[in-house]
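Chemist: Sharing a structure below in structure tokens format, with a few things to ask.
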Ligand SMILES: Nc1nc2c(ncn2[C@@H]2O[C@H](COP(=O)(O)OP(=O)(O)OP(=O)(O)O)[C@@H](O)[C@H]2O)c(=O)[nH]1
Ligand SMILES: Nc1nc2c(ncn2[C@@H]2O[C@H](COP(=O)(O)OP(=O)(O)OP(=O)(O)O)[C@@H](O)[C@H]2O)c(=O)[nH]1
Ligand SMILES: [Mg+2]
Ligand SMILES: [Mg+2]
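Chains as they are written, first to last, in this note's numbering: chain A, 11 to 297; chain B, 153 to 445.
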């Protein structure tokens, strides 16, 4: 079949628009489409189906093999992975993305497999944050280390880490208050929280999970950059993918910073947490 | 900045005295890219660029103003026009009835915090304000509003977790009228616009209390879906305005354009921080500058 280059251009433009509408951002969308355009020019791709498949494959290879490590969570209860002590996760991110809810879901995942889980109430600022976490500990069967009145977050995390060690918990999940990556004072406080965990338990935190709200646009990259620089991020949690947003802005995060997606939030309930499935993610982008 | 990238685009064009369809191609592509980079939804960018082009082609030549300066000015002016031109405040009902303000939006956008901020704002202007807690789903949501109400010195009406939200709202507004309140602000649970059950619930709350303002609370960092979600919320409960939150960050806030373009509703306030005094009036020209930055 003879297929004109203009037709290819039309297909490529439509696909670029589809990427943009999925929050890839114009730069990343253009870069991905341009690479495919090269393949069209070289004659490697002959039909709109070829083009779509090539585009899908290039996005898949981007998200499936990030340079910054595997999408497996660091967790080995009682094993040497955490030096025999509790595994520690620090959960961070901007306001309202789903950190506290994700902790509740994560706790449930591990308690339902027999692990002993402790939650640390590291959000000492927001109204009813402690009560919200306490209710999640009840729902998930985890214990909770509450903040004492007027305590600073790094002190709460330090105490929780010591308790996790002393009482032989398998996993410690540390909540932190939402904060904008543009606030130097709050980013410094987060760095201090991380150091506090490390001094209580050498090797901790074994994961620093950045929660990214799936409805967010291109700002995801700025968030990931700043949180990465301040506290070091080992994995991403992409939430609210049960909504209409496709979370495409995360692709630029993986492409430019190499941080792997480890978890996906798909609802507000205890069970609504999934391990990242690259193929499913890409399928949702190109239905 | 937009003017920097436009400089680059114009650099490829000779020093023309007027804007033509040909010499505008590259600059319009740059403007499109800049708006998308600011999270303005694609379905809002397209008609906007068409309006800019139409206005630019019809524009008279101004002595001493380069075509590119003219284009930047047109883009800025169109943004301000789109955003609503001037500041719009809350509706004030007739005959001494209280203002009834209904907060709505996706999960985590800042509704509960903003309800308290709005209460503080109106209380400081001398009004008697009451808050109503109808989020019976999120753990400790009622508690959160009660604590915030305490912080700003405003009473919070709640009926626990087992009364339907529409009934809580109805009872709260009835009590507010009885007590001679000037304003009653109803906080609601975050919901997906594609959740039929919860969108129906929002409709029921609205029918039960007949709000004088229904405000969509939108996160400044919201991406391309802003247009779709505004549309769905607006067809479910007619919106009268919006509040854009977390503008103290560095998200450009393209979703703000979507609000006005899709619903025709003005943005009435912006959230500029986590504290209960971090609520400001919305200024269209400031938003235009932020999007073009
Ligand atoms: N639909 C949906 N909602 C979610 C998801 N994850 C969290 N939420 C909701 O998002 C809202 C905010 O969740 P939180 O867990 O309080 O978010 P946070 O990051 O801890 O917020 P701050 O501590 O205030 O910064 C709540 O209404 C949650 O139920 C998800 O995967 N899908
Ligand atoms: N930096 C900043 N944070 C804000 C702003 N408005 C709200 N927040 C924060 O955003 C987070 C979510 O606020 P909430 O008021 O719980 O949001 P919500 O819409 O009621 O959430 P749901 O009820 O779960 O849907 C909290 O951490 C707030 O402190 C703002 O203007 N700036
Ligand atoms: Mg939280
Ligand atoms: Mg709320």
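Quick reminder that beta carbons are idealized off the backbone N, C-alpha and C, glycines included.
(1) Does the CB of residue 12(A) have a neighbour CB from chain B at under 8 Å?
(2) With DSSP as the reference, please indicate the residues paired to residue 244(A) in a beta bridge.
(3) Does the distance between the C-beta of residue 370(B) and the nearest non-hydrogen atom of ligand 6 fall short of 7 Å?
(4) May I have the straight-line CA-CA distance separating residue 12(A) from residue 64(A), to the nearest angstrom?
(5) Does chain A have any CB closer than 8 Å to the CB of residue 340(B)?
(6) Which of the three DSSP states, helix, strand or coil, is assigned to residue 324(B)?
(7) Which residues in the same chain as residue 161(A) place their Cβ atom closer than 7 Å to its Cβ, once the five residues preceding and following it in sequence are excluded?
(8) Can you name the residues of chain A whose CB is closer than 8 Å to the CB of residue 380(B)?
(9) For chain A, is any of its Cβ atoms less than 8 Å away from the one on residue 280(B)?
(10) What are the complete beta strand (DSSP E) segments, minimum 3 residues, inside the segment 341 to 385 of chain B?
(11) Residue 285(A): buried (16+ other C-beta within 10 angstroms of its C-beta) or exposed?
(12) Determine which residues of the segment 101 to 123 of chain A have a Cβ less than 9 Å from any Cβ of chain B, and write them out in chain order.
(13) Assuming residue 295(A) contacts residue 274(A) under a Cβ cut-off of 8 Å, what Cβ separation, rounded to an integer in Å, is found between them?
(14) Whole angstroms are fine: how far does the CA of residue 74(A) sit from the CA of residue 146(A)?
(15) Residue 281(B) and residue 334(B) - do their beta-carbons sit closer together than 8 Å?
(16) Compute the distance between the beta-carbons of residue 84(A) and residue 97(A), then report whether it is under 8 Å.
(17) I want to verify the contact list: residues of chain E whose CB lies under 8 Å from the CB of residue 30(A), in sequence order.
(18) For the putative contact between residue 94(B) and residue 304(B), defined by C-beta atoms under 8 Å, what is the C-beta separation to the nearest angstrom?
(19) Using a Cβ-Cβ cut-off of less than 8 Å, list which residues of the segment 36 to 53 of chain A approach chain B; keep chain order.
(20) Measure the alpha-carbon distance for residue 132(A) versus residue 148(A) and round it to whole angstroms.
(21) Whose C-alpha, out of 258(A), 16(A) and 102(A), is nearest the C-alpha of residue 58(A)?
(22) How long is the line joining the alpha carbons of residue 347(B) and residue 103(A), rounded to whole angstroms?
(23) Mind checking who residue 308(B) pairs with in its DSSP beta bridge?
(24) If I measure Cβ to Cβ from residue 289(B) and keep anything under 8 Å in the same chain, skipping five residues before and after, which residues do I get?
(25) Which same chain residues, not among the five before or five after residue 269(B), have their C-beta less than 6 Å away from its C-beta?
(26) What is the rounded straight-line gap between the Cα of residue 224(A) and the Cα of residue 248(A)?
(27) Can you tell me the Cβ-Cβ gap for residue 152(A) and residue 129(A), rounded? I've got them flagged as a contact below 8 Å.
(28) Please classify residue 193(A): does DSSP put it in a helix, a strand, or coil?
(29) With distances taken Cα to Cα, identify the nearest neighbour of residue 423(B) among 291(B), 261(B), 159(B) and 188(B).
(30) Could you tell me which of 60(A), 44(A), 82(A) and 47(A) sits nearest to residue 245(A), measuring between CA atoms?
(31) Which residues of chain A have a Cβ atom closer than 9 Å to the Cβ of residue 271(B), listed in chain order?
(32) With a CB to CB cut of under 6 Å and the five nearest residues on each side skipped, what residues in its chain are close to residue 76(A)?
(33) In the DSSP assignment, what are the bridge partners of residue 287(A)?
(34) Just to confirm my understanding: we take residue 414(B), look at its own chain, exclude 5 residues before and 5 after, and list those with CB closer than 6 Å. What are they?
(35) List, in chain order, every chain A residue whose beta-carbon is nearer than 7 Å to that of residue 295(B).
(36) When DSSP labels each residue in this structure, what does residue 100(A) get in the three-state scheme?
Modeler: The relevant details are as follows:
(1) To locate residue 12(A), count along the first chain from 1; it is residue 2. Only weak support exists for where residue 12(A) lies, its pLDDT of 48 falling under 50; the value from the coordinates is given anyway. No, residue 12(A) lies away from the interface with chain B (no Cβ there is under 8 Å from its Cβ).
(2) Here residue 244(A) is taken as the residue at index 234 of the first chain, counted from 1. According to DSSP, which records beta bridges pairwise, residue 244(A) is partnered with nothing at all.
(3) In the structure on display, ligand 6 does not appear, and the ligands it does have are ligand 1, ligand 2, ligand 3 and ligand 4.
(4) Indexing the first chain from 1 puts residue 12(A) at position 2. Indexing the first chain from 1 puts residue 64(A) at position 54. Because residue 12(A) carries a pLDDT of 48, less than 50, the predicted location of this residue cannot be relied on, and the following value inherits that uncertainty. Whole-angstrom Cα-Cα distance: 19 Å.
(5) Residue numbering aside, residue 340(B) sits at position 188 when the second chain is read from its first letter. Closer than 8 Å: no.
(6) Counting from 1 along the second chain, the entry for residue 324(B) is found at position 172. In the structure shown, residue 324(B) falls within a helical segment according to DSSP collapsed to helix, strand and coil.
(7) Within the first chain, the letter at position 151 stands for residue 161(A). Closer than 7 Å at Cβ, skipping near neighbours: 134.
(8) Sequence index remark: in the second chain, residue 380(B) carries index 228 (1-based). Near residue 380(B) (Cβ distances below 8 Å), the residues of chain A are 254.
(9) As a working mapping, residue 280(B) is identified with position 128 in the second chain. Taking Cβ atoms only, chain A never reaches closer than 8 Å to residue 280(B), which makes this a no.
(10) 365 to 371
(11) Looking up residue 285(A) in the first chain gives position 275. The residue is exposed, with fewer than 16 neighbouring Cβ atoms inside 10 Å.
(12) Taking 9 Å as the cut-off between beta carbons, the residues of the segment 101 to 123 of chain A near chain B are 104, 105, 106, 107, 108, 110, 111 and 114, in sequence order.
(13) Your numbering for residue 295(A) matches position 285 in the first chain. Your numbering for residue 274(A) matches position 264 in the first chain. Actually they are not in contact, since the Cβ atoms of residue 295(A) and residue 274(A) sit about 14 Å apart, beyond 8 Å.
(14) Counting from 1 along the first chain, the entry for residue 146(A) is found at position 136. Counting from 1 along the first chain, the entry for residue 74(A) is found at position 64. One C-alpha to the other measures close to 31 Å.
(15) Locating residue 334(B) in the second chain gives position 182, where the first residue counts as 1. Locating residue 281(B) in the second chain gives position 129, where the first residue counts as 1. Between residue 334(B) and residue 281(B), the gap from beta carbon to beta carbon is short of 8 Å.
(16) On the first chain, position 74 is the one that residue 84(A) refers to. On the first chain, position 87 is the one that residue 97(A) refers to. Against a cut-off of 8 Å, the Cβ pair of residue 97(A) and residue 84(A) comes out as a contact.
(17) The chain labelled as chain E is not found among the protein chains of the depicted structure, namely A and B.
(18) Residue coverage of chain B in this structure runs from 153 to 445, which leaves residue 94(B) outside it and unanswerable.
(19) 36 and 37
(20) Residue mapping note: residue 132(A) aligns to position 122 of the first chain, counting from 1. Residue mapping note: residue 148(A) aligns to position 138 of the first chain, counting from 1. So the alpha carbons of these two residues sit roughly 17 Å apart.
(21) Locating residue 58(A) in the first chain gives position 48, where the first residue counts as 1. When only C-alpha atoms are compared, the closest one is 16(A).
(22) Position 195 of the second chain, counted from the first residue, corresponds to residue 347(B). Position 93 of the first chain, counted from the first residue, corresponds to residue 103(A). Rounded to whole angstroms, residue 347(B) to residue 103(A) spans 26 Å at the Cα level.
(23) One-based indexing of the second chain puts residue 308(B) at position 156. 283(B).
(24) Taking the first residue of the second chain as 1, we reach residue 289(B) at position 137. Excluding the 5 residues flanking it on each side, residue 289(B) has same chain C-beta neighbours closer than 8 Å at 341, in chain order.
(25) Within the second chain, numbered from 1, the residue matching residue 269(B) stands at position 117. Correct list, in chain order: 428 and 431.
(26) One-based indexing of the first chain puts residue 224(A) at position 214. One-based indexing of the first chain puts residue 248(A) at position 238. Roughly 6 Å between the two C-alpha positions.
(27) Residue mapping note: residue 152(A) aligns to position 142 of the first chain, counting from 1. Residue mapping note: residue 129(A) aligns to position 119 of the first chain, counting from 1. The Cβ separation is near 5 Å, so the contact holds.
(28) Taking the first residue of the first chain as position 1, residue 193(A) is located at position 183. Here residue 193(A) sits in coil by DSSP.
(29) Your numbering for residue 423(B) matches position 271 in the second chain. Residue 261(B) is the option with its Cα nearest to residue 423(B).
(30) The sequence position of residue 245(A) within the first chain is 235, counting from 1. Nearest of 60(A), 44(A), 82(A) and 47(A) to residue 245(A), Cα basis: 82(A).
(31) The count along the second chain starts at 1 and reaches residue 271(B) at position 119. Close to residue 271(B), with beta-carbon spacing below 9 Å, lies no residue of chain A; the smallest spacing is near 13 Å.
(32) Position 66 of the first chain, counting from 1, holds the residue named residue 76(A). Counting only Cβ-Cβ distances below 6 Å, and skipping sequence neighbours, we find 264, 268 and 270.
(33) By one-based count along the first chain, residue 287(A) stands at place 277. According to DSSP, which records beta bridges pairwise, residue 287(A) is partnered with nothing at all.
(34) Numbered from 1 along the second chain, position 262 holds the residue referred to as residue 414(B). Result list for residue 414(B): 379, 382 and 383, in chain order.
(35) To locate residue 295(B), count along the second chain from 1; it is residue 143. Neighbours of residue 295(B) on chain A, chain order: 138 and 141.
(36) Residue mapping note: residue 100(A) aligns to position 90 of the first chain, counting from 1. Correct three-state label for residue 100(A): strand.
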